[in-house]
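Heads up, the thing below is written out as C-alpha coordinates.
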Amino acid sequence: MDLYYTQALRGPIVAPMSHPASAKRLCAAAILFAILVIMAPAHTAAQERQPTLMLAVGEWAPYVSENSEGYGFAAEIVIKAFRAAGQDVELVFMPWARSLELVKRGELPATFPWYMNTDRELFAWFSEPIFRECSVFFYKKDRFPDFRFQSLETMRQYRVGGVDDYGYLPLLKEKGVLDSVSHVDPQGMRMLEDDRIDFLAQNIVRGWYTIEELFPDKKTEFATSDPFMKDDAMGLLASRRHPQGKLALALFNKGLIIIKKNGTYRAILEKHHMCRLLGN
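For the sequence shown, counting from 1, position 150 maps to 223 in the numbering used here; every step adds exactly one.
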(Lines of atoms letter the chains of each structure in order from A; the text may use other names.)
(Lines give C-alpha, C1' and ligand atoms only; values in the text may rest on other atoms or scores of the structure.)
Protein backbone atom coordinates (compact mmCIF):
# COMPACT_ATOMS: atom_id res chain seq x y z
CA MET A 74 0.00 0.00 0.00
CA ASP A 75 1.51 3.33 -0.95
CA LEU A 76 2.14 6.07 1.53
CA TYR A 77 -0.65 8.31 0.27
CA TYR A 78 -3.25 5.63 0.71
CA THR A 79 -1.98 4.63 4.17
CA GLN A 80 -2.05 8.24 5.31
CA ALA A 81 -5.56 8.66 3.98
CA LEU A 82 -6.75 5.74 6.08
CA ARG A 83 -5.07 6.99 9.28
CA GLY A 84 -6.19 10.60 8.92
CA PRO A 85 -4.10 13.75 8.92
CA ILE A 86 -0.99 13.98 11.07
CA VAL A 87 -1.22 16.96 13.41
CA ALA A 88 1.88 18.27 15.14
CA PRO A 89 1.48 18.67 18.90
CA MET A 90 0.74 22.35 19.76
CA SER A 91 1.45 24.19 22.97
CA HIS A 92 -1.07 26.41 24.70
CA PRO A 93 -2.08 29.46 22.54
CA ALA A 94 -0.89 31.94 25.20
CA SER A 95 2.56 30.34 25.31
CA ALA A 96 2.80 30.50 21.55
CA LYS A 97 2.02 34.20 21.56
CA ARG A 98 4.67 34.86 24.21
CA LEU A 99 7.25 32.94 22.21
CA CYS A 100 6.36 34.84 19.05
CA ALA A 101 6.60 38.20 20.81
CA ALA A 102 9.97 37.28 22.32
CA ALA A 103 11.30 36.23 18.93
CA ILE A 104 10.18 39.48 17.32
CA LEU A 105 11.75 41.55 20.12
CA PHE A 106 15.02 39.63 19.83
CA ALA A 107 15.10 40.21 16.07
CA ILE A 108 14.53 43.95 16.53
CA LEU A 109 17.35 44.20 19.08
CA VAL A 110 19.73 42.32 16.80
CA ILE A 111 18.93 44.62 13.88
CA MET A 112 19.21 47.83 15.91
CA ALA A 113 22.28 46.96 17.96
CA PRO A 114 24.98 47.81 15.34
CA ALA A 115 23.38 51.14 14.46
CA HIS A 116 22.99 52.02 18.11
CA THR A 117 26.62 51.16 18.86
CA ALA A 118 27.87 53.20 15.87
CA ALA A 119 25.77 56.17 16.95
CA GLN A 120 27.26 55.97 20.43
CA GLU A 121 30.85 55.80 19.13
CA ARG A 122 30.50 58.55 16.50
CA GLN A 123 31.74 61.91 17.77
CA PRO A 124 30.10 65.17 16.67
CA THR A 125 31.81 66.85 13.72
CA LEU A 126 34.62 69.15 14.83
CA MET A 127 34.60 72.63 13.34
CA LEU A 128 38.09 73.90 12.52
CA ALA A 129 38.79 77.57 11.83
CA VAL A 130 40.99 78.35 8.83
CA GLY A 131 41.73 81.18 6.43
CA GLU A 132 42.83 81.54 2.84
CA TRP A 133 46.56 80.83 2.52
CA ALA A 134 47.37 78.87 -0.62
CA PRO A 135 48.94 76.43 -1.16
CA TYR A 136 48.64 75.39 2.49
CA VAL A 137 44.89 75.99 2.88
CA SER A 138 42.49 77.25 0.24
CA GLU A 139 38.84 76.83 -0.69
CA ASN A 140 39.92 76.75 -4.34
CA SER A 141 42.62 74.07 -4.06
CA GLU A 142 42.33 70.32 -4.42
CA GLY A 143 41.75 68.82 -0.99
CA TYR A 144 41.62 72.40 0.34
CA GLY A 145 45.42 72.58 0.08
CA PHE A 146 48.11 70.17 1.21
CA ALA A 147 48.08 71.19 4.90
CA ALA A 148 44.30 70.96 5.06
CA GLU A 149 44.31 67.54 3.41
CA ILE A 150 46.84 66.28 5.96
CA VAL A 151 44.68 67.54 8.83
CA ILE A 152 41.42 66.17 7.42
CA LYS A 153 42.87 62.73 6.74
CA ALA A 154 44.64 62.59 10.10
CA PHE A 155 41.34 63.20 11.90
CA ARG A 156 39.59 60.71 9.64
CA ALA A 157 42.22 58.08 10.47
CA ALA A 158 41.42 58.66 14.14
CA GLY A 159 37.69 58.19 13.46
CA GLN A 160 36.72 61.85 13.59
CA ASP A 161 34.88 63.96 11.02
CA VAL A 162 35.89 67.61 10.68
CA GLU A 163 34.58 70.63 8.80
CA LEU A 164 36.66 73.63 7.77
CA VAL A 165 35.18 77.04 8.48
CA PHE A 166 36.86 79.72 6.34
CA MET A 167 37.20 83.22 7.80
CA PRO A 168 39.85 85.94 8.22
CA TRP A 169 42.91 84.57 10.01
CA ALA A 170 42.72 87.07 12.85
CA ARG A 171 39.15 86.01 13.56
CA SER A 172 40.01 82.31 13.51
CA LEU A 173 42.67 82.87 16.15
CA GLU A 174 40.33 85.01 18.25
CA LEU A 175 37.52 82.43 18.20
CA VAL A 176 39.89 79.72 19.37
CA LYS A 177 41.26 82.04 22.03
CA ARG A 178 37.73 82.73 23.32
CA GLY A 179 36.83 79.04 23.20
CA GLU A 180 34.14 79.43 20.55
CA LEU A 181 35.83 76.95 18.19
CA PRO A 182 38.00 73.99 19.20
CA ALA A 183 40.99 74.46 16.88
CA THR A 184 42.62 76.31 13.99
CA PHE A 185 45.56 75.56 11.69
CA PRO A 186 48.27 75.99 10.52
CA TRP A 187 50.04 78.27 12.96
CA TYR A 188 53.43 78.79 14.52
CA MET A 189 53.55 78.44 18.26
CA ASN A 190 54.80 81.32 20.38
CA THR A 191 54.61 82.31 24.03
CA ASP A 192 51.47 84.43 23.54
CA ARG A 193 49.54 81.58 21.92
CA GLU A 194 50.62 79.10 24.58
CA LEU A 195 48.42 81.02 27.02
CA PHE A 196 45.20 80.01 25.27
CA ALA A 197 46.05 77.02 23.07
CA TRP A 198 47.83 73.69 22.97
CA PHE A 199 50.16 73.07 20.04
CA SER A 200 49.91 69.81 18.15
CA GLU A 201 52.62 67.71 16.60
CA PRO A 202 53.79 69.59 13.47
CA ILE A 203 51.59 69.29 10.41
CA PHE A 204 54.77 70.03 8.47
CA ARG A 205 58.13 71.71 8.92
CA GLU A 206 59.36 74.38 6.57
CA CYS A 207 62.49 76.45 6.13
CA SER A 208 62.70 80.20 5.61
CA VAL A 209 64.97 81.63 2.92
CA PHE A 210 65.87 84.89 1.19
CA PHE A 211 64.40 85.35 -2.29
CA TYR A 212 66.34 87.51 -4.71
CA LYS A 213 66.78 88.25 -8.41
CA LYS A 214 69.61 86.45 -10.13
CA ASP A 215 70.56 89.33 -12.42
CA ARG A 216 71.15 91.64 -9.45
CA PHE A 217 73.12 89.19 -7.28
CA PRO A 218 74.46 86.48 -9.59
CA ASP A 219 77.18 85.34 -7.16
CA PHE A 220 75.27 85.69 -3.90
CA ARG A 221 75.98 83.17 -1.14
CA PHE A 222 74.27 83.43 2.21
CA GLN A 223 76.78 83.45 5.08
CA SER A 224 75.00 84.76 8.17
CA LEU A 225 72.18 87.05 9.21
CA GLU A 226 74.70 89.66 10.34
CA THR A 227 76.08 89.96 6.81
CA MET A 228 72.56 90.71 5.51
CA ARG A 229 72.53 94.11 7.22
CA GLN A 230 74.26 95.66 4.21
CA TYR A 231 71.20 94.93 2.03
CA ARG A 232 67.63 96.16 1.90
CA VAL A 233 65.77 93.18 3.31
CA GLY A 234 62.01 92.90 3.37
CA GLY A 235 59.71 90.55 5.26
CA VAL A 236 56.01 89.84 5.60
CA ASP A 237 53.98 90.44 8.75
CA ASP A 238 52.92 87.54 11.03
CA TYR A 239 55.53 85.07 9.81
CA GLY A 240 57.57 83.05 12.27
CA TYR A 241 60.91 84.37 11.06
CA LEU A 242 60.18 88.04 11.85
CA PRO A 243 61.25 88.02 15.53
CA LEU A 244 64.64 86.55 14.59
CA LEU A 245 65.28 89.08 11.82
CA LYS A 246 64.23 91.98 14.03
CA GLU A 247 66.51 90.73 16.78
CA LYS A 248 69.43 90.63 14.33
CA GLY A 249 68.63 94.10 12.99
CA VAL A 250 68.22 92.79 9.45
CA LEU A 251 64.79 94.03 8.37
CA ASP A 252 64.49 97.16 6.26
CA SER A 253 60.73 96.94 5.63
CA VAL A 254 57.77 94.73 6.53
CA SER A 255 54.85 94.16 4.17
CA HIS A 256 51.39 93.35 5.42
CA VAL A 257 50.64 90.78 2.70
CA ASP A 258 52.74 88.32 0.68
CA PRO A 259 52.15 89.74 -2.82
CA GLN A 260 53.23 93.22 -1.70
CA GLY A 261 56.60 91.96 -0.55
CA MET A 262 57.23 89.99 -3.74
CA ARG A 263 56.24 92.96 -5.90
CA MET A 264 58.72 95.12 -4.00
CA LEU A 265 61.39 92.56 -4.81
CA GLU A 266 60.43 92.49 -8.49
CA ASP A 267 60.46 96.31 -8.65
CA ASP A 268 63.92 96.44 -7.01
CA ARG A 269 62.59 98.38 -4.04
CA ILE A 270 64.21 95.78 -1.81
CA ASP A 271 67.22 93.54 -2.45
CA PHE A 272 66.01 90.42 -0.66
CA LEU A 273 62.68 89.14 0.62
CA ALA A 274 62.61 86.83 3.62
CA GLN A 275 59.90 84.24 3.14
CA ASN A 276 58.83 80.64 3.67
CA ILE A 277 60.11 78.68 0.71
CA VAL A 278 56.72 77.18 -0.22
CA ARG A 279 54.76 80.40 0.03
CA GLY A 280 57.47 82.37 -1.77
CA TRP A 281 57.55 80.16 -4.86
CA TYR A 282 53.76 79.97 -4.89
CA THR A 283 53.53 83.77 -4.88
CA ILE A 284 56.03 84.05 -7.75
CA GLU A 285 54.00 81.50 -9.72
CA GLU A 286 50.84 83.55 -9.15
CA LEU A 287 52.32 86.99 -9.86
CA PHE A 288 55.09 86.37 -12.37
CA PRO A 289 54.57 82.95 -14.02
CA ASP A 290 56.80 83.90 -16.95
CA LYS A 291 59.64 85.13 -14.74
CA LYS A 292 60.15 82.19 -12.38
CA THR A 293 63.65 81.51 -13.67
CA GLU A 294 64.69 85.08 -12.82
CA PHE A 295 64.39 84.39 -9.09
CA ALA A 296 66.53 82.35 -6.74
CA THR A 297 66.67 81.51 -3.04
CA SER A 298 69.44 81.49 -0.48
CA ASP A 299 70.30 78.62 1.80
CA PRO A 300 67.84 78.52 4.73
CA PHE A 301 68.40 81.05 7.50
CA MET A 302 65.78 79.29 9.62
CA LYS A 303 65.25 75.54 9.40
CA ASP A 304 62.53 73.17 10.63
CA ASP A 305 60.04 75.91 11.38
CA ALA A 306 57.12 73.86 12.67
CA MET A 307 53.51 74.69 11.82
CA GLY A 308 50.76 72.88 13.66
CA LEU A 309 47.21 72.88 14.92
CA LEU A 310 46.27 75.21 17.76
CA ALA A 311 43.70 73.58 20.07
CA SER A 312 41.70 75.83 22.36
CA ARG A 313 42.26 75.48 26.10
CA ARG A 314 38.79 76.93 26.75
CA HIS A 315 36.68 74.95 24.29
CA PRO A 316 35.25 71.67 25.69
CA GLN A 317 36.47 69.78 22.61
CA GLY A 318 39.87 71.44 22.42
CA LYS A 319 41.79 68.73 24.22
CA LEU A 320 39.94 66.03 22.26
CA ALA A 321 40.84 67.72 18.97
CA LEU A 322 44.50 67.81 19.98
CA ALA A 323 44.59 64.13 20.98
CA LEU A 324 42.73 62.89 17.91
CA PHE A 325 44.85 64.87 15.48
CA ASN A 326 48.11 63.69 17.03
CA LYS A 327 46.85 60.11 16.99
CA GLY A 328 45.72 60.32 13.37
CA LEU A 329 48.93 62.01 12.24
CA ILE A 330 50.95 59.03 13.49
CA ILE A 331 48.65 56.67 11.59
CA ILE A 332 48.85 58.45 8.23
CA LYS A 333 52.62 58.81 8.50
CA LYS A 334 52.98 55.09 9.12
CA ASN A 335 50.60 53.96 6.36
CA GLY A 336 52.05 56.25 3.68
CA THR A 337 49.10 58.62 3.36
CA TYR A 338 51.10 61.61 4.61
CA ARG A 339 53.82 61.26 2.00
CA ALA A 340 51.26 60.56 -0.73
CA ILE A 341 49.59 63.91 0.03
CA LEU A 342 52.91 65.77 -0.22
CA GLU A 343 53.73 64.02 -3.48
CA LYS A 344 50.32 64.82 -4.96
CA HIS A 345 50.79 68.52 -4.15
CA HIS A 346 54.47 68.50 -5.29
CA MET A 347 55.73 69.46 -1.85
CA CYS A 348 58.33 66.77 -1.14
CA ARG A 349 61.31 68.67 -2.58
CA LEU A 350 60.40 72.03 -1.05
CA LEU A 351 59.72 70.56 2.40
CA GLY A 352 62.67 68.16 2.27
CA ASN A 353 60.52 65.01 2.59
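In this text, a Cβ means the ideal position worked out from N, Cα and C, and glycines have one as well.
Under the three-state reduction of DSSP, L351 is assigned to helix. The stretch 152-160 and the stretch 320-339 touch, with three or more beta-carbon pairs separated by less than 8 Å. Under the criterion of beta carbons closer than 8 Å, P182 and H315 qualify as touching, at roughly 4 Å. Restricting attention to V130, K213, A274, M264, the CA atom closest to the CA of G235 is found in A274. Distances from the alpha-carbon of E294 to those of W281, H256, Y338 put W281 closest.
The beta carbon of R313 is closer than 7 Å to those of F196, A197, W198 in its chain, skipping five residues each way along the sequence.
For the 8 Å CB-CB criterion, V137 and A148 form a contact. DSSP assignment within the stretch 174-228 yields the following whole alpha helix (DSSP H) runs of 4 residues or more, N-terminal first: 191-194. Under DSSP, the beta-bridge partners assigned to D305 are E206. Counting along the chain, the unbroken alpha helix (DSSP H) around F146 starts and ends at 146-157. Judged by their CB atoms, M302 and C207 are nearer to each other than the 8 Å cut-off.
Looking only at C348, R178, E194, N140, the smallest Cα-Cα distance to V278 is reached by C348.
Counting C-beta pairs with one atom in each stretch, the stretch 168-188 and the stretch 122-136 have three or more that are closer than 8 Å, which means they touch.
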